[in-house]
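Encoded structure:
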């Protein structure tokens, strides 16, 4: 395992994200859904919220992972309330699991995020599994 | 429109197909989502990573599945939505998405989701839990 186990539990400092109608509209356009209303965030918009401030890249840098080796393996969202244009949200992200398969050739990083509104409480949770493909040691 | 109340388990309730996904779309998605990993934008970087060309963001594929849910199950509220990215999708490929009825509960339904490329290869599978009512 090349990722240091001490990173298990690593959390980014909580950060704030302002959701504007323009951002939702740009996201809808990018996913080919320009006819949808930009007043409510589409289902996978939580990914854009949690990725704010380059947060995913910062986690990978902290863990010392080369971006060329990473692939997104799994993604899960839980929806507890709608995210709307104008919402001011607080985001927390944490590394909740690290494991490996195939004698370390494949490493997995689990990152969980929570997205909260000051008055409406927890609106969503995200769980992401990142796959790191390590170079296989070649026989001499 | 398929009637969810009478559909058999396993029945396909909704289906969609995209146009070939272009480099411009990947750049647009990178800007809108904040995922600027060069695997999706820079062919030279993608080659160094072992791919022939840039690959489509897994999350763009999941977003297309999400559109299928929003478009066809607007009378439901999505509580859970998950995806496993089984294979990478090269730029220029289409995605065909399907939602099948997996189970019916008192207060909602569970769907099995899949996204296939133009050759019918499985790219993403997943599921969604929906509650009746919005």
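Chains as they are written, first to last, in this note's numbering: chain G, 27 to 166; chain F, 4 to 137. Built from N, CA and C at the ideal position, the CB exists for glycine as well. Keep in mind it's a predicted model, so treat the numbers as computed, not measured.
Same chain only: Cβ atoms within 6 Å of residue i, ignoring 5 sequence neighbours per side
i: residue 62 of chain G; result: 54
i: residue 110 of chain F; result: 134
i: residue 105 of chain G; result: 150
i: residue 95 of chain G; result: 158, 159
i: residue 155 of chain G; result: 99, 100, 134, 136
i: residue 14 of chain F; result: 104
Residue i and residue j closer than 9 Å at C-beta
i: residue 150 of chain G; j: residue 46 of chain G; result: no
i: residue 137 of chain F; j: residue 7 of chain F; result: no
i: residue 32 of chain F; j: residue 56 of chain G; result: yes
i: residue 96 of chain F; j: residue 121 of chain F; result: yes
i: residue 84 of chain F; j: residue 148 of chain G; result: no
i: residue 153 of chain G; j: residue 137 of chain G; result: yes
i: residue 58 of chain G; j: residue 81 of chain F; result: no
i: residue 76 of chain F; j: residue 114 of chain F; result: yes
i: residue 78 of chain F; j: residue 74 of chain G; result: no
Own chain residues within Cβ distance below 7 Å of residue i, not counting five before or after
i: residue 64 of chain F; result: 92, 98, 118, 126, 127
i: residue 146 of chain G; result: 107
i: residue 50 of chain G; result: 64, 67, 71, 111
i: residue 52 of chain F; result: 42
i: residue 84 of chain G; result: 38
i: residue 60 of chain G; result: 54
i: residue 88 of chain F; result: 61, 127
i: residue 124 of chain F; result: 90
Nonlocal neighbours in the same chain, by C-beta distance under 8 Å from residue i, ignoring five residues either side
i: residue 10 of chain F; result: 16, 104
i: residue 94 of chain F; result: 24, 25, 26, 29, 56, 57, 58, 59
i: residue 20 of chain F; result: 97, 98, 99, 100
i: residue 33 of chain G; result: 88, 89, 121, 124
i: residue 29 of chain G; result: 89, 90, 91, 124, 133, 135, 158
Residue-level contact to chain F via CB, residue i, 9 Å cutoff
i: residue 82 of chain G; result: yes
i: residue 165 of chain G; result: Reliability fails at residue 165 of chain G, whose pLDDT of 49 lies under 50, so the model's placement of it is uncertain and the value that follows must be treated cautiously. Judged by the 9 Å Cβ criterion, residue 165 of chain G is not in contact with chain F.
i: residue 114 of chain G; result: no
i: residue 68 of chain G; result: yes
i: residue 111 of chain G; result: no
i: residue 33 of chain G; result: no
i: residue 29 of chain G; result: no
i: residue 143 of chain G; result: no
i: residue 56 of chain G; result: yes
i: residue 77 of chain G; result: yes
i: residue 105 of chain G; result: yes
i: residue 53 of chain G; result: yes
i: residue 73 of chain G; result: yes
i: residue 44 of chain G; result: no
i: residue 149 of chain G; result: no
i: residue 123 of chain G; result: no
i: residue 37 of chain G; result: no
i: residue 5 of chain G; result: Only positions 27 to 166 of chain G appear in the structure, and residue 5 of chain G is not among them; the question remains open.
Contact with chain G by residue i, beta-carbon distance below 9 Å
i: residue 81 of chain F; result: yes
i: residue 91 of chain F; result: yes
i: residue 8 of chain F; result: no
i: residue 87 of chain F; result: yes
i: residue 60 of chain F; result: yes
i: residue 69 of chain F; result: yes
i: residue 111 of chain F; result: no
i: residue 136 of chain F; result: no
i: residue 122 of chain F; result: no
i: residue 46 of chain F; result: no
i: residue 95 of chain F; result: no
beta-carbon residue i near the ligand GTP non-hydrogen atom, thresh 8 Å
i: residue 32 of chain F; result: The ligand content of the structure shown is nil, which means the ligand GTP is not present either.
**Q.** At least three beta-carbon pairs within less than 8 Å, the region 33-45 of chain F to the region 113-132 of chain F
**A.** no
Q: State whether the region 144-163 of chain G contacts the region 124-131 of chain G, with contact taken as three or more CB pairs (one from each stretch) at a distance under 8 Å.
A: yes
Q: Indicate whether the contact test is met: 3 or more Cβ pairs, each with one atom in the region 37-52 of chain G and one in the region 74-87 of chain G, closer than 8 Å.
A: yes
Q. Quick one: any contact between the region 94-113 of chain G and the region 97-116 of chain F, if contact means 3 or more CB pairs under 8 Å?
A. no
Q. Which ranges would you report for the beta strand (DSSP E) in the region 66-127 of chain G if only whole runs of at least 3 residues count?
A. 96-105, 114-127
Q. Counting Cβ pairs closer than 8 Å, one from the region 136-144 of chain G and one from the region 114-121 of chain G, do we hit at least three?
A. yes
Q | alpha helix (DSSP H) segments (min. 4 residues) lying fully within the region 45-96 of chain F | A | 46-51, 61-75
Q | Entirely enclosed beta strand (DSSP E) segments - the region 98-131 of chain F, minimum 3 residues | A | 99-108, 111-119
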